[in-house]
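To start, the structure under review is shown below, and the notes come after it.
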Amino acid sequence: MAYYRQVGAVPRTRHTQHREDGRLLREELMGEEGLSSDSSLLYHRGVPSALVASEPWELPDQTRTPNHPLRPRHLRLHDLFPDGGACPVTGRRLVLANADVRIGYVVTGTDPSPYYRDAVGDECVYVEAGSGTVETVFGTVPYRPGDYVLVPRATTHRWCPAEPSRLYAIEGSGHIAPPRRYLSRYGQLLEHAPYCERDLHGPGEPLLVEGEDVEVLVKHRTSAGLVGTAMTYATHPFDVVGWDGCLYPYTFNVEDYMPITGKVHQPPPVHQVFEGERFVVCHFLPRKVDYHPLSIPVPYYHSNVDSDEVMFYVGGDYEARKGSGIGLGSISLHPGGFAHGPQPSAIEASLGVQEFEESAVMVDTFAPLELGEAALACEDPAYPWIWAADSRPSVGS
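When the letters of the sequence shown are read in order and numbered with numbering that gives the first Met the number 0, they come out as residues 0 to 396.
In structure tokens, the structure reads:
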């Protein structure tokens with residue numbers, strides 16, 4: 000996280016006595032990288048390690064199928080939840096995954112999720128539609144359409160939708176943060192960054208909840224892979240009266256992102272929002288486009304030789320994909336080893352265009368992605384061949 004916050008009551012000096020009505024509070028240090036990186040200090044009324052039960056919890060289907068034979072893929076995520084109403088956590092369906100990142104999708108109802116903790120890595124959840132709050136051990140974070148909700152690894156939280164919500168979950172196996180090239184050596188977002196600290200919204204006050212024997216679903220790792228455990232605590236995890244530090248959940252809305260444009264077509268890294276460990280998150284937004292008199296606004300064909308590229312189309316009209324069958328709610332997967340780009344007919348059609356009205360979340364990974372059960376359930380089998388169909392001369396030409 001780029002900056003320090005203090006919420007609620009904390010002592011003047013860290014690691015010293017802190018009391019509420021004479022009762023000594025319990026201090027918890029929550030920190031990354033062996034407590035040698037970003038951290039926060041939380042002050043609990045109860046004992047945060049007071050476990051009374053631990054039982055297996057069966058994760059949602061984590062089956063993965065290799066992308067073999069190698070093909071580009073088109074997935075229609077809006078076909079996955081015809082009736083909606085799924086749990087924001089246990090109802091997520093796995094779309095794409097590798098050892099570094101898992102991409103899931105869910106259409107929720109309005110019931111809160113169970114209390115949940117991802118002990119595998121940070122979660123970056125894009126809100127395609129809907130609103131509500133995420134209750135966390137740090138406090139409450141409201142969410143709305145266009146938000147990225149960043150939840151640090153091992154943060155106890157639950158989703159509380161105020162209305163049905165479409166959530167696109169990017170789950171890391173490590174940490175997710177603003178790109179290092181946007182940051183000063185001390186962590187401040189620099190002037191050339193497309194957003195700043197004012198645009199990151201964390202909890203404003205503690206969320207104090209009383210309770211006993213509270214169950215928390217925990218996703219974690221073993222040598223055999225991802226597993227789940229239901230851990231029950233003697234007191235409620237949301238018993239924190241105050242905290243301070245640089246590690247906490249926050250939201251960032253794409254309305255606050257300032258797109259970077261140029262005289263000719265700009266490469267995808269200029270649209271980057273976050274970076275994870277061996278993957279990046281970018282967002283293509285409405286913007287003015289290239290102003291060279293001979294510019295071609297849609298992308299050139301490209302082979303991103305080190306990456307698989309995932310585009311989730313969430314708004315507007317994506318110029319480069321006209322005629323491909325891709326629309327709102329679509330995902331395109333263009334794997335490493337495959338040159339991809341616009342539909343041939345879209346190139347001429349883009350000439351002279353001065354702005355694009357499009358919104359799409361892009362995830363580039365540095366290891367091959369495999370198909371989750373949800374991808375197999377919503378794939379468009381005609382997609383791999385669309386460039387050939389659009390390239391053949393018409394009869395009589």
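All C-beta atoms, glycine included, are put in the ideal place defined by N, C-alpha and C.
Own chain partners of residue i with C-beta closer than 6 Å, once the 5 adjacent residues on each side are dropped
| i | result |
| --- | --- |
| residue 420 | For the chain, the structure presents residues 0 to 396; residue 420 sits outside this window and is missing. |
| residue 274 | 178 |
| residue 17 | 10, 24, 42 |
| residue 310 | 331, 359, 361 |
| residue 168 | 91, 103, 124 |
Span separating the alpha-carbon of residue i from that of residue j
| i | j | result |
| --- | --- | --- |
| residue 234 | residue 208 | 9 Å |
| residue 357 | residue 326 | 11 Å |
| residue 280 | residue 56 | 30 Å |
| residue 191 | residue 383 | 38 Å |
| residue 71 | residue 269 | 24 Å |
| residue 378 | residue 103 | 15 Å |
| residue 29 | residue 120 | 14 Å |
| residue 333 | residue 304 | 11 Å |
| residue 343 | residue 349 | 11 Å |
| residue 373 | residue 204 | 38 Å |
| residue 202 | residue 115 | 18 Å |
| residue 22 | residue 229 | 30 Å |
Residue i versus the options, residue with shortest Cα-Cα distance
| i | options | result |
| --- | --- | --- |
| residue 224 | 50, 58, 33, 335 | 58 |
| residue 278 | 366, 249, 303 | 366 |
| residue 87 | 189, 240, 134 | 134 |
| residue 156 | 193, 174, 388, 137 | 137 |
| residue 153 | 105, 217, 96, 2 | 217 |
| residue 47 | 33, 38, 237 | 237 |
| residue 272 | 264, 282, 263, 266 | 282 |
| residue 386 | 324, 370, 54 | 324 |
| residue 329 | 314, 342, 20, 343 | 314 |
| residue 44 | 307, 90, 27, 79 | 27 |
| residue 294 | 353, 100, 227 | 353 |
| residue 346 | 369, 333, 364, 320 | 320 |
| residue 317 | 89, 100, 99, 285 | 285 |
| residue 101 | 148, 69, 62 | 62 |
| residue 219 | 172, 143, 118, 206 | 118 |
| residue 351 | 142, 363, 380, 288 | 288 |
| residue 251 | 193, 380, 214 | 193 |
| residue 322 | 145, 388, 276 | 388 |
| residue 226 | 54, 3, 5 | 54 |
| residue 306 | 292, 312, 139, 267 | 267 |
Same chain, Cβ closer than 7 Å to residue i, five either side skipped, listed in chain order
| i | result |
| --- | --- |
| residue 394 | In this predicted model, residue 394 has a pLDDT of only 44, less than 50, meaning its place in the structure is not dependable; the value taken from the coordinates is given anyway. Nothing listed; no residue qualifies. |
| residue 49 | 232, 233, 234 |
| residue 13 | 40 |
| residue 64 | 369, 370, 375 |
| residue 336 | 69 |
Cβ shell of residue i (< 8 Å), same chain only, five flanking positions each side left out
| i | result |
| --- | --- |
| residue 38 | 28, 29, 30, 31, 244, 245, 246 |
| residue 89 | 59, 112, 113, 216 |
Which parts of the stretch 209–266 are runs of the beta strand (DSSP E), unbroken and 3 residues or longer, counting only runs that do not cross its ends?
211–221, 224–234, 239–244, 249–252
The stretch 196–205 / the stretch 287–298 touching (three or more Cβ pairs under 8 Å)
no
Kindly confirm or deny that the stretch 123–143 and the stretch 164–178 touch, where touching means at least three C-beta pairs closer than 8 Å.
yes
Could you give the uninterrupted runs of the beta strand (DSSP E) lying entirely in the stretch 305–368, keeping only those of 3 residues or more?
307–315, 329–333, 357–364
Quick check for students: name the residue ranges of the beta strand (DSSP E) that lie wholly in the stretch 3–51, counting only runs of 3 or more.
4–7, 25–30, 38–43
3-residue-minimum beta strand (DSSP E) runs that sit fully inside the stretch 100–129, ordered along the chain
100–106, 114–117, 122–128
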